[in-house]
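Down below is the structure, laid out as C-alpha cells.
Number of protein chains: 2
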Amino acid sequence: MLGLLSQIGPINGNGLSSSADVLIGDYWTLTRSQVYRELQNLERRGFVHAGPLGPRSSREFSLTESGRAAFHEWLDAGPAGEVIRFPMLLTIRFASGLPPERLRDLLDDFESRHRAKREFYEQLEADLVDAQSDPFEIATVRFGRLFEAAVATWLDELANIVP
Amino acid sequence: MLGLLSQIGPINGNGLSSSADVLIGDYWTLTRSQVYRELQNLERRGFVHAGPLGPRSSREFSLTESGRAAFHEWLDAGPAGEVIRFPMLLTIRFASGLPPERLRDLLDDFESRHRAKREFYEQLEADLVDAQSDPFEIATVRFGRLFEAAVATWLDELANIVP
DNA sequence: CCTTGACTATCCACAGTGGACAGTGTACTT
DNA sequence: AAGTACACTGTCCACTGTGGATAGTCAAGG
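Protein chains in written order, with our numbering: chain Y, 545 to 707; chain U, 545 to 707.
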C-alpha cells in the first residue's frame with residue numbers, strides 16, 4: 545500500500561483498492577476490508593496522513609515522509625519467503641482417484657483458461673512496450689507470460705500420460 | 545485433508561500435519577492450528593471418525609464413507625480460481641525506487657535461491673521416476689521444475705535491463 | 001532414577017477473505 | 001423539477017489462514 549501511494553499519490557480508500565486491482569492484481573490481492581483496516585494502522589503509525597473529510601465522508605490519504613522511508617525500507621529488504629499456492633496442482637496430485645474422461649475434461653478446461661490468460665499477457669506486454677511504460681511493470685507482465693507458457697508446456701506433457 | 549486421509553489412512557493430527565508438509569508442502573500450506581480446527585469440523589460433519597484416545601491424548605482419524613464421497617466431490621469439482629501470489633513480483637514492480645547496485649544484489653540472491661530450488665526439483669523428479677511413483681505426484685514435481693526454469697529465464701532477461 | 005528431547009495437542013492474537021449493508025452523490029428520465 | 005437508478009465510499013461481520021507460545025506425555029540414554 546505504501547508503494548502504491550508513492551506511485552499514485554493522495555487517494556481515498558476505495559481508490560486505493562481499485563488501483564491495487566489494476567496495478568498489482570495479477571499477482572497480489574488486497575481486499576477492501578484490508579485496505580481500510582491497514583489505512584487506519586498506517587495512520588496510527590504515522591506512515592500516511594489523512595486529509596479532511598470529502599464527499600461521502602471519504603478521506604484522501606497521502607504518504608508522509610516517514611511512510612516513504614518505511615516503503616524504501618520494505619523495498620530494500622527484498623521479498624519474504626515464497627510459497628506457490630496453486631490449486632490446480634492439488635487437484636492433479638490427487639487425480640488418480642478421478643475417472644480418465646473426467647480428468648481429460650478438467651485438463652481441457654485448464655488448457656483453454658490458461659491459453660486465454662497467456663494471450664492476455666502477450667497483448668498487455670506488447671501494449672506496455674509500445675507505450676514505453678516502466679520497465680519493471682513490463683517485467684511483471686513478462687513473468688505472467690512466461691508462467692503461462694510454462695503451464696501450457698506442462699499441460700501438454702500431462703495430457704500424454706492420461707490414457 | 546480428506547485427500548491426504550484417503551491416501552495415508554488413519555492418522556492423528558500431528559501426523560496429518562507432517563504428511564501435508566511432505567506430500568503437498570511444495571505448493572500448499574496447512575498449519576497445525578488449521579489441521580486441528582478442521583479435524584473437529586470434519587468430525588462434526590461426519591467426514592472423519594476419531595478412534596479412542598491413544599498416547600499423549602492423541603486420536604487417530606479415519607475417513608468415513610461420507611468423507612470419501614466428499615473428497616471425490618471436491619476432486620470432481622476441479623480447482624477454484626487461481627491467484628498467483630509472488631512476493632518477488634511485488635518487489636520488482638516497485639524496483640524503480642531502488643539503487644541499481646542494490647537491485648543487482650537482490651537479483652543475484654533470487655537467482656541463487658531459485659537455482660537451488662530448480663536443482664532440488666530436478667533431483668526429486670529423477671528419484672520419483674526411478675521409483676515409479678504415482679504419475680500425478682511426478683507431474684506436480686515436474687511443474688515445480690518448469691516453474692523454476694521459467695523464473696530462471698525471467699531473471700536472466702531482467703538482468704539485462706538493469707544498468 | 002533423572003534428564004533430555006521428541007511427540008502431540010491446545011490456545012491465542014493477528015492477518016486475510018468475501019460478502020452484506022448503508023449512506024451519499026450523480027446522471028438520466030420524465 | 002422531481003424522481004429513480006446506479007455508482008461511489010465506507011463499515012462491519014463471520015469465517016479462514018498464519019505463526020508462535022505453552023504444556024503435558026512418552027521414550028531413550030546416562
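Glycine included, C-beta positions come from ideal geometry on N, C-alpha and C.
CB contact check: residue i to chain U, cutoff 9 Å
{"i": "Glu648 of chain Y", "result": "The question names Glu, yet the displayed sequence has Arg at residue 648 of chain Y. So, not an interface residue."}
{"i": "Pro679 of chain Y", "result": "yes"}
{"i": "Ser563 of chain Y", "result": "no"}
{"i": "Gly625 of chain Y", "result": "yes"}
{"i": "Leu642 of chain Y", "result": "yes"}
{"i": "Ile636 of chain Y", "result": "yes"}
Any chain Y beta carbon closer than 9 Å to residue i
{"i": "Met632 of chain U", "result": "yes"}
{"i": "Ala675 of chain U", "result": "no"}
{"i": "Tyr665 of chain U", "result": "no"}
{"i": "Leu619 of chain U", "result": "yes"}
{"i": "Ser610 of chain U", "result": "no"}
{"i": "Tyr571 of chain U", "result": "yes"}
{"i": "Ile568 of chain U", "result": "yes"}
C-beta atoms of residue i and residue j nearer than 9 Å
{"i": "Val627 of chain U", "j": "Arg662 of chain U", "result": "no"}
{"i": "Ser550 of chain U", "j": "Arg612 of chain U", "result": "yes"}
{"i": "Arg576 of chain Y", "j": "Ser563 of chain Y", "result": "no"}
{"i": "Pro631 of chain U", "j": "Ala624 of chain Y", "result": "yes"}
{"i": "Phe680 of chain Y", "j": "Ile555 of chain U", "result": "no"}
{"i": "Phe615 of chain U", "j": "Leu672 of chain U", "result": "no"}
{"i": "Leu619 of chain U", "j": "Ala639 of chain Y", "result": "yes"}
{"i": "Leu597 of chain Y", "j": "Arg588 of chain Y", "result": "no"}
Nonlocal neighbours in the same chain, by C-beta distance under 7 Å from residue i, ignoring five residues either side
{"i": "Glu669 of chain Y", "result": "Ile682, Val685, Arg686 and Arg689"}
{"i": "Glu609 of chain U", "result": "none"}
{"i": "Tyr665 of chain U", "result": "Val685, Gly688, Arg689 and Glu692"}
{"i": "Val592 of chain Y", "result": "Leu549, Leu583, Leu586, Phe605, Ser606, Leu607, Thr608 and Gly611"}
{"i": "Gly590 of chain Y", "result": "Thr608 and Ser610"}
Per-residue DSSP class, three states only, for residue i
{"i": "Glu626 of chain Y", "result": "coil"}
{"i": "Val592 of chain Y", "result": "strand"}
{"i": "Ser677 of chain Y", "result": "coil"}
{"i": "Pro643 of chain Y", "result": "coil"}
{"i": "Met710 of chain Y", "result": "Not covered by the structure: residue 710 of chain Y. The range shown for chain Y is 545 to 707."}
One or two residues paired with residue i in a DSSP bridge
{"i": "Leu597 of chain U", "result": "U:Arg603"}
{"i": "Ile568 of chain Y", "result": "Bridge partners of Ile568 of chain Y: none, in fact."}
{"i": "Ile555 of chain U", "result": "U:Phe605"}
Same chain, Cβ closer than 8 Å to residue i, five either side skipped, listed in chain order
{"i": "Leu699 of chain U", "result": "Leu651, Phe654, Glu655 and His658"}
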